[in-house]
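Student: Would you mind keeping the following structure in view while I ask a few things?
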Amino acid sequence: MISKMILSNVLHRPLRTLISVLAVGVEVALVIVIVGLTSGIVQETAKRIEGVGADIMLQPPSATVFLAFSGAAMPMRIGARLRELRYVQSVAPVLLQFNSTGGLDIVYGIDPEAFRAVSGGFVFLQGHDMESPDDLLLDDVASRAKHINVGDTFRLLDHDFHVVGIVEHGKGARVFVPLDTLQDLAGAPDKASIFFLRCTRPDHTPAVIDEMRAILPGYEIRPLKDFLSLMTATTLPGLSAFVNSMIALAVAIGFLVIFLSMYTTVIERTRDTGVLKSMGASNAYIVRTLLGETAAICVTGIVLGIAMSYSIRTFFLSAFPTLSILITADWIVRATLIAAAGGLLGASYPAWLASRKDVIEALAYD
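In case it helps, the working numbering puts the sequence shown at residues 1480 to 1845.
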């Protein structure tokens, strides 16, 4: 009996029900996509940094794991000191430059020989390594996204580069240019943003780090094997606050729409509530009916929101192949619980208000 009543009430105002379902769906999709986008980009970036193959990463003092905002604050002569350390096999200086022309990219300025010694070298899918100052390498993901092939001219930082090779992705950046050229373009002669170090054996890493801290106090020295654990939404400064703000916004949308919908429903059905009470319906029955309607709306909205999340992910990945959106079962469950809790909370006061209505006043309501 109560199930039929809930279904009838939900379908009584189809437009209002549809708006409520869409609000819950948007709430769920917003949570899943925002978290998936931030987590996906962060983890994918961390994996590419680890893919360099180094054991240690040296950055300037107070540098963060946001490599895109690292400055060129270290003189190249530091590399010579690092090569003299015991157990250091090779050192690769890298200059980072953020580029926003034709998309958002972190450009690596590298010395091909030094970078090859640390990383083991690129896997070339097309073309060859850099040989002249204006040569440029793209990874396969960036090549597909930008529709650029070997032999094309790629304008970067107001400079025309010649694309000489397409490499397999996973070696830090997606765009690589000669270190000397990028230093000139960035106005950072003889400077590097990062030094990647490879030790003679991985178990020598702690000893090398201790020596580095002795000669370079205050510098950020990180073992690459721990880098992935640092790159999470909860550890990166400001990112956790951003994610929580987006979740709070999504909850507010769902809460307000459900609250207004149920409150309007209660006002419209004042006389119906009086009839039910006059027939012996208890306060608990009235509350259960309204919360049942909310639950039906939330379940439908949650299913719609999950479907919307995968659709949005598919669209963004097709339009922007360099993006990474990570949708996990954990956050699907969390988004479901958040939407359900927000919806039921939004319906709680209207349900309580309906249950407290006086029978006589309700029957006399016009």
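The beta-carbon is built from N, C-alpha and C at its ideal position, and this holds for glycine as well.
If distances are taken between C-alpha atoms only, which option among Gln1605, Leu1802 and Ile1817 comes closest to Asp1809?
Tutor: Residue numbering aside, residue 1809 sits at position 330 when the sequence shown is read from its first letter. It is Ile1817 whose Cα lies nearest to the Cα of Asp1809.
Student: Who are the Cβ neighbours of Ala1665 in its own chain at under 6 Å, not counting the five residues just before and after it?
Tutor: On the sequence shown, residue 1665 is found 186 positions in, with the first residue counted as 1. These residues qualify, in order along the chain: Gln1576.
Student: From this set, Ile1791, Ala1693, Leu1676 and Met1787, which residue's C-alpha is nearest Val1570's C-alpha?
Tutor: Here residue 1570 refers to the residue found at position 91 when the sequence shown is read from its first residue. When only C-alpha atoms are compared, the closest one is Leu1676.
Student: Got a sec: is the Cβ-Cβ distance from Leu1615 to anything in chain D below 8 Å?
Tutor: Protein chains in the displayed structure number just one, and chain D is not present.
Student: When you compare each of Pro1685, His1638 and Tyr1698 to Val1565 by their alpha carbons, which one comes out closest?
Tutor: Position 86 of the sequence shown holds residue 1565. As written in the sequence, residue 1565 is Arg, which differs from the Val given in the question. Answer by Cα proximity: Pro1685.
Student: Please go through the same chain and pick out, in chain order, the residues whose beta-carbon is closer than 8 Å to the beta-carbon of Arg1680, but skip the five residues on each side of it.
Tutor: For the purposes of this step, residue 1680 is taken as residue 201 along the sequence shown, with counting starting at 1. Excluding sequence neighbours, Arg1680 sits near Tyr1566.
Student: Alpha carbon to alpha carbon, what distance is there between Arg1527 and Ile1673?
Tutor: Residue mapping note: residue 1673 aligns to position 194 of the sequence shown, counting from 1. Residue mapping note: residue 1527 aligns to position 48 of the sequence shown, counting from 1. Roughly 15 Å separates the two Cα atoms.
Student: According to DSSP, simplified to helix, strand and coil, what is Leu1516?
Tutor: Residue mapping note: residue 1516 aligns to position 37 of the sequence shown, counting from 1. In the structure shown, Leu1516 sits in a helix (DSSP, three-state: H, G or I).
Student: Which of the three DSSP states, helix, strand or coil, is assigned to Asn1578?
Tutor: Counting from one through the sequence shown, the residue named residue 1578 turns up at place 99. Looking at Asn1578 - three-state DSSP - the assignment turns out to be strand.
Student: Tell me which residues share the same chain as Glu1506 and place their Cβ nearer than 6 Å to its Cβ, disregarding the 5 neighbours each side in the sequence.
Tutor: Position 27 of the sequence shown, counted from the first residue, corresponds to residue 1506. Excluding sequence neighbours, Glu1506 sits near Ala1729, Ile1732, Gly1733 and Ala1818.
Student: Could you round the C-beta distance between Met1555 and Lys1670 to whole angstroms and report it? I think they count as a contact, below 8 Å.
Tutor: If you number the sequence shown from 1, residue 1555 lands on position 76. If you number the sequence shown from 1, residue 1670 lands on position 191. Confirmed, about 7 Å.
Student: Under DSSP, the beta strand (DSSP E) around Glu1690 begins and ends at which residues?
Tutor: The residue you call residue 1690 lines up with position 211 of the sequence shown. Per DSSP, Glu1690 belongs to no beta strand (DSSP E); it is in the alpha helix (DSSP H), Thr1684 to Ile1694.
Student: Rounded to whole angstroms, what is the Cα-Cα separation between Tyr1844 and Thr1743?
Tutor: Position 365 of the sequence shown, counted from the first residue, corresponds to residue 1844. Position 264 of the sequence shown, counted from the first residue, corresponds to residue 1743. In this predicted model, Tyr1844 has a pLDDT of only 49, less than 50, meaning its place in the structure is not dependable; the value taken from the coordinates is given anyway. Their backbone Cα atoms lie some 15 Å apart in a straight line.
Student: Should the stretch 1516-1531 be regarded as contacting the stretch 1650-1658, the criterion being three or more beta carbon pairs within less than 8 Å?
Tutor: The stretch 1516-1531, when compared against the stretch 1650-1658, does touch it at the 8 Å Cβ threshold.
Student: Give me the residue from Leu1494, Pro1572, Arg1634 and Thr1807 with the minimum Cα distance to Ala1596.
Tutor: The residue labelled residue 1596 in the question sits at position 117 within the sequence shown. Answer by Cα proximity: Pro1572.
Student: Look at the alpha carbon of Leu1796 and the alpha carbon of Gln1522, and state the distance between them as a whole number of angstroms.
Tutor: Residue 1796 sits at position 317 when you count from the first residue of the sequence shown. Residue 1522 sits at position 43 when you count from the first residue of the sequence shown. Using only the alpha carbons, I get a separation of about 16 Å.
Student: Whose CA, out of Ala1502, Asp1639 and Thr1660, lies closest to the CA of Leu1783?
Tutor: Looking up residue 1783 in the sequence shown gives position 304. Measuring from the Cα of Leu1783, the nearest candidate turns out to be Ala1502.
Student: Under a three-way DSSP split, which group does Ile1498 fall into?
Tutor: Position 19 of the sequence shown, counted from the first residue, corresponds to residue 1498. Helix.
Student: Out of curiosity, what's the CA-to-CA distance linking Arg1692 and Leu1574?
Tutor: If you number the sequence shown from 1, residue 1692 lands on position 213. If you number the sequence shown from 1, residue 1574 lands on position 95. If I take the Cα positions, the gap works out to 22 Å.
Student: Would you report the Cα separation of Arg1495 and Gly1630, rounded to the nearest angstrom?
Tutor: Position 16 of the sequence shown holds residue 1495. Position 151 of the sequence shown holds residue 1630. Cα-Cα distance, rounded: 57 Å.
Student: Output yes or no for whether 8 Å exceeds the beta carbon distance between Leu1661 and Phe1640.
Tutor: Within the sequence shown, residue 1661 is the residue found at index 182, counting from 1. Within the sequence shown, residue 1640 is the residue found at index 161, counting from 1. Their beta carbons are not under 8 Å apart, which means Leu1661 does not touch Phe1640 by this criterion.
Student: With a threshold of 16 other CB atoms inside 10 Å of the CB of Ala1841, please say whether the residue is buried or exposed.
Tutor: Walking along the sequence shown from the start, residue 1841 turns up at place 362. With a pLDDT of only 49 at Ala1841, under 50, the local geometry of the prediction cannot be trusted, and the value read off the model is given with reservation. Buried.
Student: Which of helix, strand or coil does DSSP assign to Ser1541?
Tutor: Numbered from 1 along the sequence shown, position 62 holds the residue referred to as residue 1541. Ser1541 falls in the coil class under three-state DSSP.
Student: Since I believe Gly1588 is in contact with Val1656 (beta carbons under 8 Å), could you give me their beta-carbon distance rounded to a whole number of angstroms?
Tutor: As a working note, residue 1656 is residue 177 in the sequence shown. As a working note, residue 1588 is residue 109 in the sequence shown. Confirmed, Cβ separation roughly 6 Å.
Student: Keeping to the same chain, check which residues put their C-beta closer than 7 Å to that of Ile1857; ignore five residues upstream and five downstream.
Tutor: There is simply no residue 1857 to check, as the chain begins at 1480 and stops at 1845 in what is shown.
Student: State the Cα-Cα distance for the pair Leu1824 and Thr1632, rounded to the nearest angstrom.
Tutor: Sequence index remark: in the sequence shown, residue 1824 carries index 345 (1-based). Sequence index remark: in the sequence shown, residue 1632 carries index 153 (1-based). For Leu1824 and Thr1632, the distance between alpha carbons rounds to 58 Å.
Student: I'd like to check one pair, Leu1635 with Asp1619: are the Cβ atoms closer than 8 Å?
Tutor: By 1-based counting over the sequence shown, the position of residue 1619 is 140. By 1-based counting over the sequence shown, the position of residue 1635 is 156. Not in contact: Asp1619 and Leu1635 (Cβ atoms no closer than 8 Å).
Student: Going along the chain, which residues of its own chain have a beta-carbon closer than 6 Å to the beta-carbon of Ala1624, five neighbours each way excluded?
Tutor: Locating residue 1624 in the sequence shown gives position 145, where the first residue counts as 1. For Ala1624, where only same-chain residues beyond five positions count, the Cβ hits under 6 Å are Pro1800 and Thr1801.
Student: Considering only their Cβ atoms, is the gap separating Gly1821 from Thr1773 smaller than 8 Å?
Tutor: By 1-based counting over the sequence shown, the position of residue 1773 is 294. By 1-based counting over the sequence shown, the position of residue 1821 is 342. The answer is no: Cβ separation not under 8 Å.
Student: Per DSSP, Ala1671 is paired with what?
Tutor: In the sequence shown, counting from the first residue as 1, residue 1671 sits at position 192. DSSP output for Ala1671 lists Met1553 as bridge partner(s).
Student: Please name the residue in Ala1826, Leu1658, Arg1767 and Ile1804 whose C-alpha comes closest to that of Ile1513.
Tutor: On the sequence shown, position 34 is the one that residue 1513 refers to. Of the candidates Ala1826, Leu1658, Arg1767 and Ile1804, the one whose C-alpha sits nearest the C-alpha of Ile1513 is Ile1804.
Student: Going by DSSP in three states, Val1654 sits in which element: helix, strand or coil?
Tutor: Along the sequence shown, one-based indexing puts residue 1654 at 175. Three-state result, Val1654: strand.
Student: Just to confirm before moving on: does the CB-CB distance between Ser1827 and Ala1508 stay below 8 Å?
Tutor: Within the sequence shown, the letter at position 348 stands for residue 1827. Within the sequence shown, the letter at position 29 stands for residue 1508. In this structure, Ala1508 does not lie closer than 8 Å to Ser1827 by Cβ.
Student: Which one or two residues does DSSP pair with His1638 in a beta bridge?
Tutor: The sequence position of residue 1638 within the sequence shown is 159, counting from 1. For His1638, which the question treats as bridged, DSSP gives the partners Leu1635.
Student: Using the Cα positions of Leu1703 and Ile1557, report the straight-line distance between them to the nearest angstrom.
Tutor: Here residue 1703 refers to the residue found at position 224 when the sequence shown is read from its first residue. Here residue 1557 refers to the residue found at position 78 when the sequence shown is read from its first residue. Roughly 19 Å separates the two Cα atoms.
Student: Who are Cys1678's beta bridge partners in DSSP?
Tutor: Within the sequence shown, residue 1678 is the residue found at index 199, counting from 1. BP columns for Cys1678 point to Val1567.
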